[in-house]
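In structure tokens:
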């Protein structure tokens, strides 16, 4: 068995609604001491600005390192750069399709391809409804390759008091799913 990978997380942001998820994820990862590597597509940055009022620089400041989507020579484009996992949040259907079909056409999709080929955890927080057959087939393909499709669906049974609380719970679930210590999703204790 190989050496343990460092507590590094690649965070991809693509052009779909749900910008609060990656912002809270980056903040929580920092609080847990997880080194974050961010790549956000232009449409992803546009959504972050539209939904949260953050400029690219403010978003990038939440990560330890940030890369331009065209920087395919970045360290996260290589399997030799050890990372524990990657999450794409939110994950647009275009990005899902590129990952499902191995189209490493930008740094985000290349990093996802590397994550899959190195058999590391990849979580895609897909954002689109209703799903058409292409979406479902792409989700199936990613799942068959070892990725995890994780639509950010709220757990209403936990009775969240606010949107922030609802999103924070989803972030904790993702961090736990990725295997990071310190993640604290609420456990269901039964009725």
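Numbering (the working numbering), first residue to last: 16 to 206.
The beta carbon of each residue, even a glycine, is placed where N, CA and C say it ideally should be.
Going by C-alpha to C-alpha distance, which of 164, 126, 180 sits closest to residue 98? Counting from 1 along the chain shown, the entry for residue 98 is found at position 83. Nearest of 164, 126, 180 to residue 98, Cα basis: 126.
For residue 184, collect the residues of the same chain with a Cβ closer than 7 Å to its Cβ; drop the 5 residues on either side in sequence, then sort them by chain order. Here residue 184 corresponds to residue number 169 of the chain shown, with the count starting at 1. Answer for residue 184: 170, 173, 175, 200, 201, listed in chain order.
Just list the beta strand (DSSP E) runs in the segment 42-129, keeping only unbroken ones of 3 residues or longer that don't cross its boundaries, in chain order. 50-55, 80-82, 100-106
Quick one: grab the DSSP three-state call for residue 152. Here residue 152 refers to the residue found at position 137 of the chain shown. Helix.
Please confirm if the segment 56-72 is in contact with the segment 32-43, defined as three or more CB-CB distances below 8 Å between the two stretches. yes
Buried or exposed for residue 142, please, with buried defined as at least 16 other CB atoms from any protein chain shown within 10 angstroms of its CB. Translated into the one-based positions of the chain shown, residue 142 becomes position 127. Buried, by the Cβ-count rule.
Leaving out five residues on either side along the sequence, give the residues of the same chain with a beta carbon under 6 Å from the beta carbon of residue 129. Along the chain shown, read from residue 1 onward, the residue named residue 129 stands at position 114. The answer, listed in chain order, is 94.
Which residues bound the beta strand (DSSP E) around residue 136? By one-based count along the chain shown, residue 136 stands at place 121. Element bounds for residue 136: 136-141.
Would you check if the segment 106-124 and the segment 49-57 touch, i.e. whether three or more CB-CB distances between them fall below 8 Å? yes
Work out the CA separation of residue 182 and residue 203 for me, nearest whole Å. Position 188 of the chain shown, counting from 1, holds the residue named residue 203. Position 167 of the chain shown, counting from 1, holds the residue named residue 182. Each residue's alpha carbon lies about 17 Å from the other.
N- and C-terminal bounds of the beta strand (DSSP E) containing residue 161: Working through the chain shown from its first residue, we reach residue 161 at position 146. Where residue 161 is concerned, there is no enclosing beta strand (DSSP E), given that its DSSP letter is neither H nor E.
Around the Cβ of residue 158, are there at least 16 other Cβ atoms within 10 angstroms (buried) or fewer (exposed)? Mapped onto the chain shown, residue 158 falls at position 143. It counts as exposed.
If you draw a straight line from the C-alpha of residue 154 to the C-alpha of residue 133, how long is it? Here residue 154 refers to the residue found at position 139 when the chain shown is read from its first residue. Here residue 133 refers to the residue found at position 118 when the chain shown is read from its first residue. Their Cα atoms are separated by approximately 19 Å.
For residue 48 and residue 28, which I take to be in contact (beta-carbon distance under 8 Å), what is that distance rounded to the nearest angstrom? Position 33 of the chain shown holds residue 48. Position 13 of the chain shown holds residue 28. About 21 Å; that fails the 8 Å criterion.
Go to residue 24, then tell me how far its beta strand (DSSP E) extends in each direction, as first and last residue. For the purposes of this step, residue 24 is taken as residue 9 along the chain shown, with counting starting at 1. First-last of the beta strand (DSSP E) with residue 24: 23-28.
Could you tell me how far apart the beta carbons of residue 195 and residue 78 are, in whole angstroms, since I believe they sit closer than 8 Å? Sequence index remark: in the chain shown, residue 195 carries index 180 (1-based). Sequence index remark: in the chain shown, residue 78 carries index 63 (1-based). Contact doesn't hold; Cβ gap of about 15 Å is too wide.
With residue 11 as the anchor, note down where its alpha helix (DSSP H) starts and where it stops. Nothing about residue 11 can be read from this structure; the chain reaches only from 16 to 206.
Look up residue 37 in the DSSP assignment and say whether it is helix, strand or coil. Reading the chain shown from its first residue, position 22 is the one you call residue 37. In this structure, residue 37 counts as helix in the three-state DSSP scheme.
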